[in-house]
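Going by the numbering used here, the letters in the sequence shown line up with residues -10 to 547, in that order. Glycine is no exception: its CB is placed at the ideal position from the N, C-alpha and C atoms. Structure first, commentary second.
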Amino acid sequence: MDVVKLSRWLSDVDAGQTVAYDAGRPLSKADLESRIRKWQACFSRTDATRWAVYHSDAFEFLAILLALWTLQRIACVPGDNRPGTVESLYPCVDAFAGEFDESEVTVADSSGDFSGWPLLNIDYPALEIYTSGSSGKPAAIAKTIGQLERESLALAELLPASSEHEVILGTVSHQHFYGMTFRLFRSLAQNLPFDLTVCEYAETVISRSAHYDAVGLISSPALLARLNAALNWSQMAEKCNFVLSSAAALSAQASGQTHALLCAPVLEIYGSSETGAVAWRDQQKSAVWQAIPGVELDKTPDECLRVSAPFLPTPVVLADQVRFVAGGFDLRGRADRIVKVEGKRVSLTGIENRLLHSEWVREVKAIILERRRTEVAAVIELSDEGLSLLQTEGKKALVGRLKGYLKDYFEAVAIPRRWRFPSRLPYNPQGKLTVEDLTALFNSEPARWPDLISQTVGGLEAELRCRIPAELVYFDGHFAQHPILPGITQIHWAERFGRDLLAIEGQFLRLEVVKFQQVITPDSQVLISLSFNSDKQKLTFSYTSDKGVHSSGRICFG
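Now the structure itself:
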């Protein structure tokens, strides 16, 4: 299949070529051209050169980019359109286009004759990607059309299209450089249509694949590491040509499971917004990273990776430390404080600086905890205002205020999940804050049981008044923004307390008349009531509070 240069795509590709699919409906290049012309008419009304661009629809986003580029304007692309992100863009851009409250432009009907598309200027700095800098402030990474074009050609050599009927599915946003490069620019270069849906769940990936004869999947470790093997993957496995993963290393287990479920190569891409794609690997063949065609790699004296490539104006040194081995290199960890969480770049310095602007924080240190998942944690020495809030409203209210303060500036994955409020940060005798000392504050045994306030036992009945601590391990991932106590945990506690307090010895057989009527949230106080019928070997339980009944049911033993 022929490869098309990005600078020539508008002029060389036939108007009937399918560019994308929207819920199975094909969208042609002619459809895209119509959108481009309307955006051109809009942008031509002003002399603004630098445009912030955000649009959730990838087809509209692509039309905006191409309209700006044909006019030699610059597209400044942030990862989101949160209020804090928009605020940080004000000094950097002249105007806003797309889904911004600040956007003053509307798509207008184009007028006049259309004489054809110009070749795009490969030397023009057409794109700026905004990503986390080492200070936490958005850092603008400039790309010319030529750089984007040369990277697309290298990726076409690495990943040639397996079928002219292949459609690209994606779980990653086109607002980030990985999604933009592999869902949009590679698709244009190889004349492969992309599906507009950003598949946030595995079920959506499967349902979207049913519309097409062949697919390629652009995904992330965050989704691939949690694939549900119980889903019906067989239909997609028959048509999946490849799975691509980037933004963080994929575990060997996740790579193996993905390969087994989809019967397709699972290729990982290593790189950064600064460098673009640098290296790749297929763990079913080798765990070693290999350079992408045309990329040259070496390392600095402090063992950080240095990258040279046709799509880079000068060599770039990354903060990843490496060890070169036969056939490629191994990653040895990062030398800065930009970390990857769920495949997203997170600036620990940026989190600290933002928290220091709040009235409740005197000093703060953000760290990463490697547990069942990678989590951001914050250790905070509170200001007088913060201490007053903690004492009057409690830890839950304080953490809620801090999370609410951060949500306008960071994606959910970057907001700390663990919080500690020591009276003083744990400086060592040398005046240093070590990762070991900070991590130790979080290393207590995970809470698995409610805090007992009072307990009454009489005959075959018991009542336990409890506090449900926010630190319970069962709140992890259930759910990220609004944690609730899982129903299975409530049943498990009822059984355990019944055995311990009411001398139940039988084997768990089944459940009867179980009802979950109201959720139980962190720091709630509940009354657990238990009653055992020894003749029928049935334990009746209920969880109640001043809100009413939360749950109830019977456990049958035998």
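Beta bridge pairing from DSSP links P15 with Y10.
Judged by their CB atoms, L142 and R(-3) are not nearer to each other than the 8 Å cut-off. A check of alpha carbon separations from R454 across L441, A403, N522 identifies L441 as the nearest. In the three-state DSSP reduction, Q279 falls in the strand class (E or B). Under DSSP, G159 forms a beta bridge with V187, I207.
DSSP lists R39 as the beta-bridge partner residues of I63. Per DSSP, the continuous alpha helix (DSSP H) segment holding Y394 begins and ends at 384 to 395. If you check the CB distance, R24 and A52 come in under 8 Å. In terms of CA proximity to A268, G283 leads the group R62, P254, G283. DSSP places E257 within a strand segment (E or B) once states are collapsed to three. Residue pairing by DSSP puts R456 in a beta bridge opposite D440, Q514. Remark: fewer than three beta-carbon pairs, one from each stretch, lie closer than 8 Å, so the segment 368 to 385 and the segment 312 to 324 are not flagged as touching. Sorting L500, S520, S513 by C-alpha distance to the C-alpha of F486 places S520 at the top. Within the same chain, Cβ atoms closer than 7 Å to the Cβ of Y43 are found at P67, N70, G87, E88, F89, Q164, the five residues on either side in sequence being excluded. Taking a cut-off of 8 Å on C-beta distances, the segment 166 to 181 touches the segment 142 to 153, as three or more cross pairs fall below it. Look at C252 here: in three-state DSSP terms it is coil, with no helix or strand label. C229 has V204 as its beta-bridge partners, per DSSP. Along the segment 308 to 341, the beta strand (DSSP E) occurs as fully enclosed runs of 3 or more residues at 317 to 323, 327 to 330, 333 to 336, listed in sequence order. Per the C-alpha coordinates, the member of E374, D373, S336 positioned closest to A367 is S336. Contact annotation: the segment 494 to 512 touches the segment 535 to 547, with at least three C-beta pairs closer than 8 Å. C-alpha of T289 to C-alpha of D309: approximately 11 Å in a straight line.
In this structure the segment 25 to 33 lies against the segment 58 to 67, because at least three pairs of beta carbons, one per stretch, are closer than 8 Å. For T303, the closest of I493, Q136, H471 by C-alpha to C-alpha distance is Q136.
When secondary structure is reduced to three states using DSSP, Y167 falls in the helix class. In the DSSP assignment, W408 falls within the beta strand (DSSP E) that extends over 407 to 409.
For G476, the uninterrupted alpha helix (DSSP H) segment begins and ends at 476 to 491. Note: G265 is bridge-paired with S261 in the DSSP secondary-structure output.
R334 counts as buried, since no fewer than 16 other beta carbons sit within 10 angstroms of its beta carbon. Here the segment 222 to 239 lies against the segment 205 to 214, with 3 or more beta-carbon pairs under 8 Å apart.
Setting aside the 5 residues that flank it on each side, Q6 is surrounded in the same chain by S17, K18, N180, each with a C-beta closer than 7 Å to its C-beta; the list follows chain order. At the C-beta level, A436 and P458 come within 8 Å of one another.
S0 sits in a helix when the DSSP states are folded into three classes. Around the beta carbon of S244, 16 or more other beta carbons lie within 10 angstroms, which makes this residue buried.
Boundaries of the beta strand (DSSP E) harbouring T363: 363 to 371, taken from the DSSP string. Between the C-alpha atoms of H248 and Q272 there is a straight-line separation of about 10 Å. In the structure shown, S196 adopts helical secondary structure according to DSSP, grouped into three states.
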